[in-house]
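Residue numbers (this note's numbering), protein chains in the order written: chain G, 1 to 371; chain R, 1 to 590; chain Y, 1 to 376. Notes follow once the structure below has been shown.
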Amino acid sequence: MRRTTRSLLTAAIAVAVLGVTACGGTSGGDGPAARSIDTSNGLVIDGETIADQALWEKAKGGNVSLATALTEREEKVITEQFKADTGIALDFVRLPTPKLFERAVSEKGAGKLSFDVIRVTDTTAAEEMAKNGVFGQTRTPFDDQLRKDGALDIGGGNFVSAFYAIYTFAYNSQAIPSASAPKTWENLLDPSYKGKIGLVNPNGSGYNTALTDMLIQDYGDRYLKDMQALGPRIFDSVSVMGTALGQGELTVGLMGANSALSLAEQGAPVVAVIPPDGVSAGYTPFGITIKGAENPAAQVFVNWQMSRAGQSKLGPLGLAPARSDVEPARMGDAVLPKPGDPNFTLFTTADRQQRQAAVLATWNGIFRYTG
Amino acid sequence: MSTQVSPPLPEVGTPAVGAAPPRRRTSARQRRGSWLPSIPLLVVLAVLILVPVGLVALAAVSVDVPRPGGFTFDLTLANLASVVSGAVGSATINSLGIATAATVLAVAIGGYVAFVTARTDAPFGRAIYACGLIPMFLPSYVGALAWAMLGSPASGLLNVAFRDLGLGLEINVYSRVGLVLVCALFYAPYAFLLIHASMTMMNPDLEDAAAIHGGSRWRMLRSVTFPLALPAVLGSALLIFVLVLENFPVAQVLATPGNIETLPTYIYRMMGFFPSRGTEAAALAVVLVAFVVLLTLAQRRVLAKRSFTTVTGKGMRARRIALGRFRWLALVPVLLYFVASIVLPLGALLVTSLRTSPFMPSFSSLLRPGALDGSAFGTVFADAQFWSSTVNSVIVAVAAALGGTVLSFAVAYVVYRTSARARAQLEAISMLPLAIPALVLGMGILWTWLLIPLPLYGTLGLLVVAFLGVQMPQGLRSVAASIRSTDRDLEDSAVVHGRSRVRAVLGITVPLMKVALSSTFLLLLMLSMRELTVPLLLYTRDTTLLSVAIFDRFENGGGSQSAAAISLVYCLLMFVLAYLPRRFGQKANA
Amino acid sequence: MKVSLDGLGLRYGDVVAVQNLSLTVEDGQSVVLLGQSGCGKTSTMRCIAGLEVPSEGRISLGEHVVYDSASGANVAAHKRRIGMVFQSYAVWPHMTVLQNVTYPLVVKRTRKATARARALEVLEMVGLAHLADRGASNLSGGQMQRVALARSIAMQPSVLLLDEPLSNLDARLRDDLRVELRRIQQETGLTSVYVTHDQNEALALADRIAVMQGGRITQLAPPAELYDRPASASIAKFLGVTNAFPIGGPAGRGSVVVEGSQCVVTVAEEVAPDDTTVCFRPEAVEVRPAGDTTEGPNTWTGTVRVAVFQGNSVRYSVDLHDGPVVDAVCEVRRGPVQPLGAQVVVRVSPDRVRTLPEETSSTTPATAPDAVLVTS
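Right, dumping it as structure tokens:
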């Protein structure tokens, strides 16, 4: 179904090959124009009430502990803005999803949970944490909007999707001139990329599971087998792969648009491609823990993240906001696919429940990553 | 006074014998076969070592990871079965192959440097000695990162240099050869130290005897000198083999990008899986432990022999061999080693920390304005987290080294100086961590301290406790060697002359072992400063260590500039820590 | 102070180090425990010092019981007020000579000036006062030995124990210090127990010598008596009686024949039925040139196989024509030195010949009757 819809639209979509020059970074910090922050009656930013008077009074001057699986650079941009907007202190621990899961569940079991808010990149991990009672009820004043946008109900009230990561591929523009750059997913199977293509292990990474699922759905197992024939380098983290791509150890890599953007901002000759045949998108589970439920400052952070103020921070990072009423993700001048777009292939909860195990088994089998 | 030999009395006739049936262990010194000194130490070691190991063993046969809240005794053999798979096989072969090759190379390097400095008249003896030793203070993990900067395909600094020079040469450290080289470079000092000690202690009479009996110099070396050094060579070879086999950080930095599976990276990856495969990781760990236990047993045999053969000569000066016109030539390999192990890595870290863009097409691009600046150091020094992790590292290292020295001394004393019960068990438990990869032990320690209802989790105390356990073998071995060579009469003498046993230990034995204890302290300090694998599993935001901060920055990508800057500062700190105690030690001894 | 050991036993696992040993050392007396290494002599000494805990028995110093396995009494080593000189001297290398010697006094909280004066006095006695401020690690072996001795004397011990005190010294020094040790022991009147494997040392230092074999005392006697009348062949051999030959059988009244030969040895004393060995010291053997009279008992002819000139004496091995090889030590002034291969006449006075059982009955482990010493 999806395939046909997409092919109809293919012609209409410009092939956006975007290079962001090494102009030096503002670290994605170009938010919208100066905010109007009003704390006279609760916390109101740009006219949107983030915390009512009662919550704000309790939260002011508080401290939030966040555990995140997002890359350091991006989490920093988001949380710095939060701190600037609210004056609430926030510390985050960055851990890959599986380790974060292990830590959170173990700490919860020992009654020593140390995080107020958790952000992971894998929905199954979030679900398991919820089963282990790590999460409290994650509610915000914007539940209606979020429900409408499909970001609210993914976690059964325990967590929401803070945003979507857009997964595609990127190449090293020094190794490949833009004329011969890959433009479609099929292009990636070119033998010239043998040994120079990188991908990230999808086990424990929802984003990469989503990408793998899209490739299998659209092109069949054959695609992965052909890729395996190219002898790809397999990474545990997209950050390490990004560095390898930027340094020319790789010429192409399958990665998030946000990662490519981040690399380009650091001066790496990395260019992300938005292929006409679609990009994959995955949820970013985000929820308040049972510890955070007792911490008004944590509630303010969750509210802020899902507010327009928090959501508008995401687009410039190359992440698709969960709310449809803020500016979508951008890369330079180009707008990236957003939820609802035909080339925005979301790995839905239903997809995940039906296929995740099979997708990972297929991937593990083909790439013989572990026994 | 008259004397006579009385008629014999039947042996059982004395009431004393009848009243006190002979006990099993009566080789007592103070308290015969007493549990008293052993029990507190056994409890401490059990918590530090046995419980974590036990949890890992339990996990290996459990359905679920033994984490708090999810603690069940549902047992299964499935994990062990999963170990017998193709991927594990190739990981095992890789690990064994790399460890073997790296060991041979490391022993060759260390042995050569030791021979040149100890037994020849090559110039700059002290400098050569330093060349052999200094790489020890560069954490192998940082060394691997630096070599990744130097020799990664396409973008490695050496490859850029080759390209700039128009050489059609490209090296790739993300390969088996690269792994072997880097491991050998940074483990060679272990071989150097052991072999150097045995070569300087060698009794020149033995060699003279060979010379008198008509051997040529080469013949003498081959038939007397090298065989005498053999225990040290074998001992260091086994030590290095085990260290390389279980080394996680170097493999993670170099093998993983090269798609080379090794046992430690495989275990690490299993633990990084979701849904968790911690139980399979534990099962695999059991395999690794089995290998290492076998080797450790072999090593103990060899090292035990060593202590009998080389530590005999006191004040003997081994004779030096005149190299004649090869004197200077002999330095070339040493110099090469120094360049590869210190100059190039530190240079790579320096360049990386100074260049503003992590991406460098050629060296000439560094000449562009703004291509180089020291801002990364400014950023690092302005970063509160850098300071907190530095302070954390120093606090944890000092505390772990102090505690480890005291604990090692206590265990060594009970084991070698008393007849307390369970001495053999005390020693065996203490040596156990040697056989258990830090990765596995760290996992067990995490579970242990989440289960034990003490508020240690999330504090620096947890890291100290973890390091105490992990470094127990090194501490004990270091103290034991010295306590065995310290004449126990010296302490007994103080007791006979009126000091209580405890005060005799503190007043006589400890001061006599001052040098050994301070070098144990130093050793543990260095090990604690370097340790990455264990804290990686245990750290929290507030308890980040310098080593973890560096790892984190590299793993997060893009941060290589500041990571390189921190690495440099870290190395500097290591050198200072290694140097200062020597300095003070010398003053104190003078 | 008197030292009494009563039924002392010490076991290491299954190894018996000391077995049912009883011994009394009278106040002011010097007893030497003499035996080969492993005979239990050092273990016995360490039990007295409190460094080993016996498996059974009782130890008293004076009237004070310091160990009793029956009552469980066990006075800690540091409270026994025993001086001990270790075989390795155990002089603390990180202290000066004076600090070493004052150590036991400092432990007893003696006033500093008093301790110093006392230490210097003792150092004077051992002839080391001039080295008082020298670091102890810079001393020679003999000096260390004196420091160790001074340290033990300075504490005014109830008993002084010396474990092989001279064994690490060279021969010349050993001779000098032997005399000096005896002088100091007699001057101070200290009750002393020595341990040694050297019979000359034992003979010189002891009021009485306790020969130890297999964890027991097999003979206890004053030096002269021990020298003259060892209780068994094994003791005799240990004491340097190299001429010890198995008895083949009686050869008439007051004489025996050496097993496997025609050689008849006449003995002045009664031959006991369980005597298995006939022996005589090399010093008791006279060597005369051939042609000397062959009349009289114990006069044999033989050939000199080895002759070693030792200054004032010559040591021979003489191969008897119809008997075993006999060792002889002859004073040079008593006759000319016989060259190798010379035919000689060998003579031993019957009253210098002893016939002995192989072991004293007490050393046979199976039946285990013990030599228990009673003194009065």
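Glycine included, C-beta positions come from ideal geometry on N, C-alpha and C. On a predicted model such as this, the values are computed, not experimentally measured, just so you know.
Under the 10 Å beta carbon count, Glu-75(G) is surrounded by 16 or more other beta carbons and is classified as buried. Contact with chain R is absent for Asn-172(G), since none of that chain's Cβ atoms lies less than 7 Å from the residue's Cβ. The residue among Val-271(G), Asp-226(G) and Ser-65(G) with its C-alpha nearest the C-alpha of Glu-186(G) is Asp-226(G). Around the CB of Val-337(Y), fewer than 16 other CB atoms lie within 10 Å, so the residue is classed as exposed.
Tyr-316(Y) is outside the set of residues whose beta carbon lies under 7 Å from a beta carbon in chain R. With 16 or more other CB atoms across the displayed protein chains lying within 10 angstroms of its CB, Asp-6(Y) is buried. Along the segment 121-190 of chain Y, the beta strand (DSSP E) occurs as fully enclosed runs of 3 or more residues at 159-163, listed in sequence order. At least one CB of chain R lies nearer than 7 Å to the CB of Phe-86(Y). Proximity of chain R to Arg-35(G) at the Cβ level (cut-off 9 Å) is not reached, the minimal Cβ distance being about 26 Å. Burial check for Phe-101(G): the Cβ neighbour count within 10 Å reaches 16 or more, so the residue is buried.
Ile-88(G) sits in coil when the DSSP states are folded into three classes, being neither helix nor strand. Among the CB atoms of chain R, none fall inside 7 Å of the CB of Tyr-194(Y). For the segment 130-152 of chain Y, residues whose beta-carbon sits nearer than 7 Å to a beta-carbon of chain R comprise Arg-151.
For Ser-155(R), the nearest beta carbon of chain G is closer than 7 Å to its own beta carbon.
In this structure, the alpha-carbon of Lys-83(G) lies about 10 Å from that of Val-77(G). Taking Asp-207(Y) as reference, the option from Ser-88(Y), Arg-182(Y) and Gln-213(Y) with the minimal CA-CA separation is Arg-182(Y). Ranking Val-351(R), Ile-483(R), Ala-382(R) and Val-440(R) by CA distance to the CA of Val-415(R) puts Ile-483(R) first.
Ser-178(G) has a beta carbon lying at 7 Å or more from every beta carbon in chain R. For Val-107(Y), at least one C-beta of chain R is nearer than 7 Å to its own C-beta. Uninterrupted beta strand (DSSP E) stretches at least 3 residues long and entirely within the segment 206-238 of chain G occur at 233-235, given in chain order.
Taking every protein chain shown into account, the CB of Trp-387(R) has fewer than 16 other CB atoms within 10 angstroms, so this residue is exposed.
Taking a beta-carbon distance threshold of 7 Å, Arg-176(R) does not count as an interface residue toward chain G. When CB distances to chain R are screened at a threshold of 8 Å, not a single residue of the segment 186-200 of chain G falls below it.
At least 7 Å separates the CB of Ala-115(Y) from every CB of chain R. DSSP lists Ser-317(Y) as the beta-bridge partner residues of Asp-327(Y). Under the Cβ criterion of 7 Å, Leu-36(R) is not counted among the residues facing chain Y. Taking the Cα of Lys-148(G) as reference, the smallest distance to any Cα among Arg-368(G), Gln-53(G), Gly-340(G) and Val-359(G) is reached at Gly-340(G). Looking from the CA of Gly-507(R), the closest CA among Arg-111(Y), Arg-354(Y), Gln-99(Y) and Glu-26(Y) belongs to Gln-99(Y). Contact check for Ala-244(Y) against Pro-282(Y) fails: the beta carbons are separated by 7 Å or more.
Counting the other Cβ atoms within 10 Å of the Cβ of Asp-85(G) gives 16 or more, which makes it buried. Taking a C-beta cut-off of 7 Å against chain R, the contacting residues of the segment 198-221 of chain G are Asn-203 and Gly-204, listed in chain order.
Taking C-beta atoms under 8 Å as the contact rule, Asp-122(G) and Thr-97(G) qualify, at a distance of about 5 Å. Under DSSP, Cys-279(Y) takes part in a beta bridge, and its partners are Ala-244(Y) and Arg-354(Y). The count of Cβ pairs closer than 8 Å, one atom from the segment 263-276 of chain G and one from the segment 109-116 of chain G, stays below three, leaving the stretches out of contact. Separation of Leu-179(R) and Ala-101(R) (C-alpha to C-alpha, rounded to the nearest whole angstrom) is 10 Å. DSSP, read as helix, strand or coil, puts Thr-293(Y) in coil.
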